[in-house]
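Let me begin by presenting the structure, written as structure tokens, before commenting on it.
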Amino acid sequence: MILLRKILFPFAVLYGWIMQCRNFLYDKGFLKSYSFDLPIIAVGNLSVGGTGKTPQIEYLIRLLSDNYKIATLSRGYKRESKGFVLADETSTAAILGDEPYQFYRKFPKIQVTVDADRKNGIEQLLSLPNKPNIILLDDAFQHRKVKAGFYILLTAYDDLFCNDYILPTGNLRESRSGANRANCIIVTKCPKVISELERDEIRKKLGSNNPVFFSSIEYDDCIYSANESKQVSEIKNLNKLLIAGIAKPKSFFDFLKNQNDTSLTFPDHHHFTASDILTIKSKAKGSLIITTEKDYVRLRNSIPNNQLFYLPIKTSFISERTTFDSIISDYLKITI
1 MILLRKILFP
11 FAVLYGWIMQ
21 CRNFLYDKGF
31 LKSYSFDLPI
41 IAVGNLSVGG
51 TGKTPQIEYL
61 IRLLSDNYKI
71 ATLSRGYKRE
81 SKGFVLADET
91 STAAILGDEP
101 YQFYRKFPKI
111 QVTVDADRKN
121 GIEQLLSLPN
131 KPNIILLDDA
141 FQHRKVKAGF
151 YILLTAYDDL
161 FCNDYILPTG
171 NLRESRSGAN
181 RANCIIVTKC
191 PKVISELERD
201 EIRKKLGSNN
211 PVFFSSIEYD
221 DCIYSANESK
231 QVSEIKNLNK
241 LLIAGIAKPK
251 SFFDFLKNQN
261 DTSLTFPDHH
271 HFTASDILTI
281 KSKAKGSLII
291 TTEKDYVRLR
301 NSIPNNQLFY
311 LPIKTSFISE
321 RTTFDSIISD
331 YLKITI
């Protein structure tokens with residue numbers, strides 16, 4: 001695979017040039033970006049997946065939803081529906097996509113919407129009788145047709161964008177210079193303890209003039225099914241089947257696994273087929289099945305409730321959380 005990526009280097013140069021031309025046309029106004037008269041916060045990355053966009057969106061929802069009417073707008077990756085969809089009690093993961101459906105299940109008081117055309121999605125939201133006063137754009141850093149008011153760029157601690165290269169040789173959707181559009185950068189999935197010296201070194205590598213924050217993944221103390229919860233400490237040493245269909249599942253497995261456990265890895269946003277379900281049930285042999293929250297919304301109707309559990313995660317700032325919160329608050333004060 002590494003050799004193939006090196007062979008494809010000329011295509012990476014071509015792709016990078018195309019993306020630079022596209023960004024130039026948007027920057028100079030030859031391609032139109034649309035602004036809207038309400039705060040829009042976009043969360044995204046330069047790389048393909050695995051930076052923790054979903055927990056960061058959820059962090060913003062928790063931060064803001066007590067004081068504002070929040071709407072999330074996602075593309076709805078791999079959903080079966082088309083166009084603009086506003087989540088309601090008839091919605092499923094198939095209709096919304098797994099991550100938006102997760103937002104809907106966890107935060108029933110907010111508006112959760114999907115539309116591949118973010119401009120149309122925003123216009124549809126603003127036409128609602130109970131329109132939001134803040135929109136959170138999920139995975140929209142490269143969606144230049146809409147000009148958000150505030151951009152949060154995520155990059156994973158063990159896969160910094162400054163060390164990567166353009167697709168298909170690397171995993172970047174656009175060149176590193178795209179980071180200049182960000183209002184702040186969050187280095188995600190950091191170790192729980194990271195020294196100030198190392199943080200300063202990473203800031204220098206990223207080369208941003210805007211604030212750089214550091215966060216880690218915080219796992220819940222419990223796993224949950226549709227009907228009950230169990231302490232992680234109680235099930236850690238039990239035999240179980242662990243399932244992950246996310247970009248980088250290692251930390252999930254490491255947190256739960258003991259030497260007798262079985263792990264199954266699927267591609268990110270995987271659609272579980274009838275054959276997959278039979279394999280999962282066969283591997284589990286009646287034992288607990290624990291999966292990620294994102295995978296749970298796709299598996300929940302196929303495996304018995306008393307057997308299938310999920311482990312929630314949150315993003316946790318290592319330091320300067322109040323500074324980050326204040327930056328968001330200051331932006332909203334200016335725009336609302």
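Letter by letter, the sequence shown follows residues 1 to 336 in the UniProt record's numbering. Virtual Cβ for every residue (Gly too), placed ideally from N, Cα, C.
According to DSSP, is residue i part of a helix, a strand, or is it coil?
| i | result |
| --- | --- |
| residue 13 | helix |
| residue 230 | strand |
| residue 182 | coil |
| residue 34 | strand |
| residue 295 | helix |
| residue 340 | It is not possible to answer for residue 340, since the shown part of the chain is limited to 1 through 336. |
| residue 219 | strand |
| residue 101 | helix |
| residue 335 | helix |
| residue 107 | coil |
| residue 138 | strand |
| residue 169 | coil |
| residue 316 | strand |
| residue 194 | coil |
| residue 153 | strand |
| residue 158 | coil |
Using only the alpha-carbon positions, how far apart do residue i and residue j sit?
| i | j | result |
| --- | --- | --- |
| residue 98 | residue 298 | 7 Å |
| residue 151 | residue 86 | 24 Å |
| residue 221 | residue 103 | 20 Å |
| residue 355 | residue 64 | Past the boundaries of the shown model lies residue 355; the chain is included only from 1 to 336, so the question cannot be answered. |
| residue 69 | residue 141 | 23 Å |
| residue 81 | residue 304 | 26 Å |
| residue 147 | residue 53 | 19 Å |
| residue 295 | residue 189 | 19 Å |
| residue 389 | residue 3 | Since the first residue of the chain shown is 1 and the last is 336, residue 389 is not available in this structure. |
| residue 265 | residue 225 | 20 Å |
| residue 158 | residue 193 | 14 Å |
| residue 134 | residue 27 | 24 Å |
| residue 330 | residue 40 | 14 Å |
| residue 143 | residue 259 | 44 Å |
| residue 256 | residue 310 | 11 Å |
| residue 219 | residue 312 | 6 Å |
| residue 306 | residue 227 | 8 Å |
| residue 275 | residue 93 | 19 Å |
| residue 18 | residue 249 | 32 Å |
| residue 106 | residue 232 | 20 Å |
| residue 207 | residue 234 | 45 Å |
| residue 24 | residue 179 | 14 Å |
| residue 74 | residue 56 | 14 Å |
| residue 201 | residue 212 | 11 Å |
| residue 156 | residue 36 | 30 Å |
| residue 161 | residue 278 | 39 Å |
| residue 149 | residue 284 | 47 Å |
| residue 263 | residue 177 | 38 Å |
Can you say whether residue i is buried or exposed, counting buried as having 16 or more other CB atoms within 10 angstroms of its CB?
| i | result |
| --- | --- |
| residue 34 | exposed |
| residue 240 | buried |
| residue 114 | buried |
| residue 108 | exposed |
| residue 322 | exposed |
| residue 237 | exposed |
| residue 50 | buried |
| residue 412 | What is shown of the chain runs 1 to 336, which leaves residue 412 out entirely. |
| residue 62 | exposed |
| residue 273 | exposed |
| residue 137 | buried |
| residue 254 | exposed |
| residue 13 | exposed |
| residue 209 | exposed |
| residue 315 | buried |
For residue i, which residues of its own chain have a beta-carbon under 6 Å away from its beta-carbon, when the five flanking residues on both sides are left out?
| i | result |
| --- | --- |
| residue 16 | 166 and 175 |
| residue 270 | 245 |
| residue 170 | 164 |
| residue 48 | 171 |
I'd like the list of long-range same chain contacts for residue i, defined as Cβ closer than 7 Å, with 5 residues on each side in sequence excluded.
| i | result |
| --- | --- |
| residue 84 | 113, 115, 120, 121 and 124 |
| residue 132 | 69, 70, 71, 111 and 125 |
| residue 95 | 79, 80, 81 and 85 |
| residue 20 | 175 |
Between residue i and the rest of its own chain, which residues show a CB-CB distance below 8 Å, the 5 nearest in sequence each way excluded?
| i | result |
| --- | --- |
| residue 251 | 189 and 217 |
| residue 261 | 239, 240, 241 and 242 |
| residue 78 | 97, 98, 269 and 271 |
| residue 22 | 31 and 144 |
Suppose only complete runs of 4+ residues qualify. What are the alpha helix (DSSP H) ranges in the segment 26-98, listed by chain order? Segments of the alpha helix (DSSP H) lying fully in the segment 26-98: 53-64 and 93-96.
Pick out the complete alpha helix (DSSP H) segments inside the segment 231-313, 4 residues or longer, and give them in chain order. If only complete runs of 4 or more residues are kept, the segment 231-313 shows the alpha helix (DSSP H) at 232-235, 250-256, 274-284 and 293-299, in order along the chain.
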